[in-house]
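Notes to accompany the following structure.
Listed below in structure tokens is the structure:
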């Protein structure tokens with residue numbers, strides 16, 4: 004008899020979800036069916052995209068169902084298997100997160116790659132967020148050596164890899180973040196850092212210009228809002244804006260205005276494009292072969308903000324929106 | 004002794020230019036220099052992009068200089084030549100418009116192509132506006148047979164070719180225009196027409212949805228403003244927005260809000276891209292070979308709004324912004 008504890012969503016939030024929206028439930032797992040595996044999760048991922056799944060409508064991922072186990076990226080160890088590819092002790096990654104013990108078909112589970120990195124890296128720099136940074140820069144924004152690259156939320160899980168990939172391509176890289184500590188980290192990686200706090204559109208526009216007087220070929224967009232407007236006013240000809248996210252708006256309760264300077268796309272013959280990493284997942288092995296060796300030898304840096312214990316998972320999730328995390332936000336289970 | 008009459012700009016306008024900003028001047032032309040040609044203009048073009056040249060700043064074309072002859076597309080007849088490629092009587096196209104007699108280096112002049120069409124067609128359906136429609140649909144928006152295509156300013160010089168090219172590709176085509184007469188013309192070409200007058204963002208959003216319940220793969224954008232916001236709410240996955248112009252904003256005197264729903268680009272993995280036809284002009288011969296035969300045999304329709312006489316050129320230009328033109332707006336000289 005194995006028990007599982009999992010989170011369910013009580014109702015669909017309007018605005019920033021309150022903590023009591025997330026309810027921890029407990030259940031006894033049924034016997035393993037043929038081809039199923041049972042996994043004790045060690046690391047659970049919280050990601051901004053999950054807010055979109057709490058809206059009750061399909062945005063670009065399926066919404067969470069009310070009163071059903073929530074899901075998300077997780078890394079753990081197989082503790083029982085009736086699937087031929089898995090056995091007790093295997094380290095695996097899967098999407099049955101937001102719980103301590105998962106039980107699911109083996110074909111929804113993947114073994115962890117064999118690089119010499121901490122296992123939780125496969126939820127961050129070598130997982131979905133890292134792959135998102137690589138995809139946005141290379142497949143969407145067409146990164147070219149020596150160009151001028153602007154990254155928002157640059158100290159986050161996605162942004163902190165994006166700035167390093169752009170640096171590795173000999174680009175002039177400007178990263179925007181929301182604290183002195185984050186800016187210090189960015190500067191330590193050779194990135195020109197800019198703190199957005201307390202700056203309106205005009206101040207941001209001037210700061211971006213000062214940080215790259217020749218303006219920007221690429222804007223890696225994680226945020227939206229005033230920063231997007233300031234970036235639009237600082238584009239070079241044929242600039243590309245890769246829209247990875249717009250976290251600034253995820254918790255809006257009503258309509259808000261948008262940038263009044265979209266005509267810059269016309270003047271600069273520029274392109275703005277949204278993308279979802281899932282559609283590019285067939286490039287994951289290419290990404291891994293390119294990036295993982297650099298992570299192994301610590302040529303690529305990453306940070307983690309770790310919250311301990313399943314109970315605190317909603318708190319970890321909500322911290323994504325106050326910007327309390329540096330790098331990848333993770334929940335560790337005992 | 005040959006005289007020329009030409010327009011100069013008295014000052015840079017704020018908002019919609021007043022008529023008295025355009026001053027008609029007269030001068031005696033100097034003797035022809037070696038390699039120069041002298042042209043009696045027959046047709047002068049007025050185009051929305053000229054408003055951008057009246058701002059005193061470089062947007063995507065060089066600004067007009069104050070108190071200097073204005074310029075723009077023109078078709079005329081060579082009346083004197085010291086250039087080996089041109090002789091008296093040749094029909095030519097060039098950029099020394101806004102005047103009756105032009106004198107310029109022969110290498111800035113091109114002979115009219117030899118298709119059996121009225122000569123002014125080379126300022127419209129077979130000129131810059133037509134090439135703009137073709138470029139935006141094919142080279143920017145990646146037009147594919149059978150897709151759903153939305154075109155704004157659909158009865159204009161650019162839009163009216165865009166809708167026909169999309170129809171010819173077996174697309175479901177919705178055209179937005181500003182009068183019943185324009186809508187009737189669009190419907191006569193098999194286009195689903197929609198009058199934007201009196202509709203706010205919500206009403207436009209509903210109307211666009213009704214006109215194409217499966218939404219749109221392509222939005223050919225000439226207008227901006229509320230229609231762009233409504234279009235963003237009606238995109239299909241992987242939609243493309245080709246930004247040809249944003250005439251809605253050309254005469255704004257201050258900042259105005261933009262669409263609050265740019266996150267639709269993310270949800271729909273969609274792309275929005277500005278372009279300038281001049282950068283694609285090396286495709287002009289391809290365009291001409293594809294389109295001109297259909298114009299010759301009247302399989303492609305076009306309309307002209309003709310204003311008579313050089314003196315009325317500023318009036319013709321200003322009518323572009325009230326939407327008084329159907330199809331290509333032209334000035335005819337005696």
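Protein chains in written order, with our numbering: chain A, 4 to 337; chain B, 4 to 337.
A virtual CB, placed ideally from N, CA and C, is assigned to each residue, including glycine.
Note that the structure is predicted; figures quoted are calculated from it, not measured.
Scanning its chain for C-beta atoms nearer than 8 Å, with the 5 sequence neighbours on each side dropped, one finds around residue 184 of chain B the residues 329, in chain order.
For residue 210 of chain B, same chain residues with a beta-carbon under 7 Å away, outside a window of 5 residues either side, are 197 and 202 in chain order. Scanning chain B for C-beta atoms nearer than 8 Å to the C-beta of residue 282 of chain A yields 272, reported in chain order. Under the 8 Å Cβ criterion, the region 316-334 of chain A does not count as touching the region 291-300 of chain A, having fewer than three qualifying pairs. If you look at residue 29 of chain B, you'll find it in the beta strand (DSSP E) that goes 25-31. Put simply, the CB of residue 124 of chain B is far from chain A, with every gap to its CB atoms at 8 Å or more. Judged by DSSP secondary structure, residue 270 of chain B falls within the alpha helix (DSSP H) whose first and last residues are 266-270. With a threshold of 8 Å between beta carbons, residue 15 of chain B makes no contact with chain A. Residue range 287-299 is occupied by the alpha helix (DSSP H) that includes residue 290 of chain B. DSSP, read as helix, strand or coil, puts residue 250 of chain B in helix. Annotation: the continuous beta strand (DSSP E) that includes residue 223 of chain A extends over 219-224. Here residue 305 of chain B is near residue 164 of chain B, since their CB atoms are less than 8 Å apart. Under DSSP, residue 198 of chain B takes part in a beta bridge, and its partners are B:180.
Taking the Cα of residue 99 of chain B as reference, the smallest distance to any Cα among B:308, B:21, B:229 and B:11 is reached at B:11. In this structure, residue 176 of chain B keeps its C-beta atom at 8 Å or more from the C-beta atom of residue 161 of chain B.
Under the three-state reduction of DSSP, residue 123 of chain A is assigned to helix.
In this structure the region 221-230 of chain B touches the region 245-253 of chain B; the number of beta carbon pairs closer than 8 Å is three or more. Here the alpha carbon of residue 106 of chain B sits roughly 12 Å from the alpha carbon of residue 74 of chain B. When C-alpha distances from residue 149 of chain A are compared across A:157, A:168, A:6 and A:155, the shortest belongs to A:168. Taking C-beta atoms under 8 Å as the contact rule, residue 120 of chain B and residue 129 of chain B qualify, at a distance of about 6 Å.
Distance from the CA atom of residue 38 of chain A to the CA atom of residue 87 of chain A, rounded to whole angstroms, is 7 Å.
For residue 279 of chain A, the nearest beta carbon of chain B is closer than 8 Å to its own beta carbon.
Residue 60 of chain B and residue 325 of chain B have their alpha carbons spaced roughly 24 Å apart.
Per DSSP, the continuous beta strand (DSSP E) segment holding residue 39 of chain A begins and ends at 39-48. Counting only runs that start and end inside the region 47-119 of chain A, the beta strand (DSSP E) elements of at least 3 residues fall at 77-84, 94-97, 104-108 and 112-114.
Closest in alpha carbon position to residue 283 of chain B, among A:133, A:272 and A:180, is A:272. Taking all protein chains in view, the Cβ of residue 112 of chain A is crowded by 16 or more other Cβ atoms within 10 Å, so the residue is classified as buried.
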